[in-house]
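S.K.:
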Amino acid sequence: MRSMRQWPARYLWLAAVAGAVATLYPMSAAATAGTGTRAAPAIKDYPNPISRPLGIAVGPDGALWFTDQGTNSISRITTSGKLTTYTGKGINGPVEITAGPGGSMWFTNYNNNSIGRITMSGNVTNYTGKGISGPYGIAAGPGGVVWFTNHENNSIGRITKAGHVSNFSVRGISKPYGIVAGPDGAMWFTNWGDNTIGRITGTGRVTDFHKKGIKGIRGPFAITVGPDKALWFTVNYDNNVIGRITTSGNITFYTSSSMSYPNGITAGPDGALWFTNGGNSIGRITTSGKITIFPSHKIDTAAPPDGIVKGPDGALWFTNYNSDSAGRITTGGTVTKFPGNGISFPVGIAKGSDGALWFTNSLSNTNGSIGRISAAGNVTSYLSKGIGGPAAITPGPDGALWFTNTIGGGSIGRISTGGKVTIYNKKGINGPMGITPGPDGALWFTNDGSNTIGRITTSGTVTTYTGTGISAPDGIVKGPDGALWFTNFDNNSIGRITASGKVSKFTGSGINGPQGITAGPDGALWFTNMGNNSIGRITTSGKVSNFTGGGINNPQGITAGSDGALWFTNEGNNSIGRITTSGTVSNLTDRGINTPQGIAAGPNGTVWAANFGSDTIARITTP
């Protein structure tokens, strides 16, 4: 776990600050293990709205529309990043998408050999027809018709606005992929099967072009019209080439040592061509052949980003197939990543005053965001300048959510339930980690960077307290005695601070690498020990008890459940633990639990957890 983040693993404790920490995930059937017997909790699976996105195009409504193979859906994203996803009958293995006649988007369904049409309001119509077989590329052509490639049966298809399908299967078409309307009134396409570029007229007459003696066209894939009225295409089989072909058939090849398996291609707003490239990058090529590569950690690393299109905002938008996200790059090379589900490396989680769960996305987009998930699983993500590596989050006495930012020395953030963000970057805030509401109407937090405890009023006034024994403080919570209790990771102790700033330190056998801490239903404080795989309990008088076994493995966050037990996350074995106040431990494993961090009690007897490893939030219904 220590290698997962830029800061130590304990920073991910996702303390049960104010009794709320949760994990992001998709889960399935549950089972229990360890000591004690009880009914298995029910786990809710919230699938990611973006999963394996491919084609992308600008819609008539000024938004970006793209296909999602992983969820069999069509998604729409505005230039401000608002995402809407449409699923339903008629969408099955969607690949490419284009704006077509009737003010709708048209797309290819590879899995069920059909063409789909979706209106701006999300109504889907599905068209089948003789000859449609493995449809892939799609483009609007002259005369209000849509053309598509049939990769599986070596043909080119055409569909009218009314859904009438024609199919052309003639010599010169071989495993076609990309297709585009050319400047000469014909449709141009790439022939993967015989390494040629094809042209088809409205009557179905086909011509194919290649360059004899040169291996330039080996696996031609995407194709687009350039600003120079030529056709530009990517060649990604084995020689990393961008090709250019005039309408008369003259072919030129461009290559670069920095280019790697180019994929999608489009004309940019700056008079150049832009393409998606392997090796975590987006490429740009001028009409004279000058190539520039823009790498970024926000661009897919496991595989080349896929589709790319010029957006209505003057930037280029692309799909990240392997990282389940959409990307945006300006002509100056600045990249923004939009996680599809608004969940990106979630850490802390807490129940808000609006009844929803709020969580921290530690590394989404640039430096982080705050997410909100309703009881029904609807996710909203909030971005704002100043949110940097957010960790813990808690409901404040003012009805807003307060959170700690760990990047750049750190700051304290506040977000209203309406999404308005305020950042406090003041003296006395140094590497803040845990945060909780205090008994005095202020927020109290731990400063890992300065070994201090901080206090911030709802108006933003900061006070800092020092004391013997404060050493890498982490989780913090208001105790039943009106004081604040916190974990000291580095010196294996539990700390207590009164509202007046008096600090006490408690040690005891079994306290080893303490992280999360919460107030229990029995009037004691309960905490997780990462160092010895145990759960600890400390009374307000300082008496320490320690519980091991039952599947406790690198525990992180902890919270009090509505069932009178304590619930915690086991990062070490991807499970959720439960411990009664008498010390009986149960362990819940599920394929959807992945590196859980924060955990929090939600409404209606639920427990929510943040899955750092799978960018998901999990909901557990306690029986």
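At position 67 of the sequence shown (counting the first as 1) the number is 298 in our numbering, and the numbers step up by one without a gap.
Beta carbons: idealized from backbone N, C-alpha and C, even for Gly.
Values in this document were obtained by computation on a predicted structure and should not be read as measured data.
With DSSP as the reference, label ARG686 as helix, strand or coil.
M.R.: Correct three-state label for ARG686: strand.
S.K.: For LEU245, which three-state DSSP category applies?
M.R.: With a pLDDT of 29 at LEU245, under the threshold of 50, the modelled position of that residue is not reliable, and the figure given next carries that caveat. In the structure shown, LEU245 sits in coil (DSSP, three-state: anything other than H, G, I, E or B).
S.K.: How big is the Cα-Cα spacing for GLY368 and SER519?
M.R.: Between GLY368 and SER519, the C-alpha separation is close to 27 Å.
S.K.: So which of MET761, GLY732, THR689 and ASP753 has the shortest CA-CA distance to SER205?
M.R.: No statement about residue 205 is possible, as the shown extent of the chain runs from 232 to 854 and does not include it.
S.K.: State yes or no: is the C-beta of ALA796 within less than 8 Å of the C-beta of THR820?
M.R.: No.
S.K.: For the beta strand (DSSP E) that ASN801 lies in, which residues bound it at each end?
M.R.: First-last of the beta strand (DSSP E) with ASN801: 797 to 801.
S.K.: Should LYS521 go down as buried or exposed, given a rule of 16 or more other Cβ atoms within 10 Å for buried?
M.R.: Exposed, by the Cβ-count rule.
S.K.: GLY706 by DSSP, collapsed to three states: which one?
M.R.: If DSSP states are grouped into helix, strand and coil, GLY706 belongs with the strands.
S.K.: Alpha carbon to alpha carbon, how far is VAL355 from ILE390?
M.R.: So the alpha carbons of these two residues sit roughly 16 Å apart.
S.K.: Under a three-way DSSP split, which group does PRO526 fall into?
M.R.: Strand at PRO526.
S.K.: Please return the same chain residues whose Cβ sits closer than 8 Å to the Cβ of GLY627, not counting the five positions on each side in sequence.
M.R.: Taken in chain order, the residues that qualify are TRP633, ARG645, PRO668, LEU674 and THR689.
S.K.: Does the beta-carbon of ALA607 have 16 or more other beta-carbons within 10 angstroms, so that it is buried, or is it exposed?
M.R.: Exposed: under 16 other Cβ atoms inside 10 Å.
S.K.: Whole beta strand (DSSP E) runs in the segment 597 to 675 with 3 or more residues, listed along the chain?
M.R.: As far as the segment 597 to 675 is concerned, its whole beta strand (DSSP E) runs of at least 3 residues are 600 to 604, 610 to 613, 621 to 626, 632 to 636, 642 to 646, 652 to 655 and 663 to 668.
S.K.: Between which two residues does the beta strand (DSSP E) holding GLN300 run?
M.R.: Here GLN300 belongs to no beta strand (DSSP E), and DSSP marks it neither H nor E.
S.K.: Return helix, strand or coil for PRO451, following the three-state DSSP convention.
M.R.: The answer is strand: DSSP assigns PRO451 an E or B state.
S.K.: Between PHE338 and ILE387, which are expected to be in contact by the criterion C-beta below 8 Å, what is the C-beta distance as a whole number of angstroms?
M.R.: With a Cβ gap of about 17 Å, PHE338 and ILE387 do not count as contacting.
S.K.: Ends of the beta strand (DSSP E) at ILE287?
M.R.: Segment 284 to 289, the beta strand (DSSP E) holding ILE287.
S.K.: Return helix, strand or coil for GLY368, following the three-state DSSP convention.
M.R.: Three-state DSSP puts GLY368 in a strand.
S.K.: Using DSSP bridges, identify the partner residues of VAL775.
M.R.: For VAL775, which the question treats as bridged, DSSP gives the partners ILE769.
S.K.: Within the continuous beta strand (DSSP E) that includes ASN340, where are the two ends?
M.R.: Start and end: 335 to 340.
S.K.: For THR329, which beta-bridge partners are listed by DSSP?
M.R.: TRP337.
S.K.: Can you tell me whether DSSP reads GLY788 as helix, strand or coil?
M.R.: Three-state DSSP puts GLY788 in a strand.
S.K.: Give the DSSP bridge partners of SER397, in chain order.
M.R.: Answer is ARG389.
S.K.: Roughly how many angstroms lie between the CA atoms of ASN722 and ILE601, to the nearest whole one?
M.R.: Straight-line Cα distance between these residues: approximately 31 Å.
S.K.: State the start and end residues of the unbroken beta strand (DSSP E) segment that holds THR856.
M.R.: Coverage of the chain is limited to positions 232 through 854, which leaves residue 856 absent and any answer about it impossible.
S.K.: Helix, strand or coil for PRO493 per DSSP?
M.R.: Coil, per DSSP.
S.K.: Do you know offhand how far THR847's Cα is from VAL437's?
M.R.: The straight-line gap from Cα to Cα measures roughly 49 Å.
S.K.: Below 8 Å on the Cβ atoms is my guess for ALA503 versus ILE516; work out the distance and round it to an integer in Å.
M.R.: Confirmed, Cβ separation roughly 6 Å.
S.K.: Tell me the DSSP secondary structure of PRO373 in three-state form.
M.R.: Looking at PRO373 - three-state DSSP - the assignment turns out to be helix.
S.K.: Would you kindly work out how many angstroms separate the C-alpha atoms of PRO621 and GLY563, rounded to a whole number?
M.R.: Answer to the nearest angstrom: the Cα atoms are 28 Å apart.
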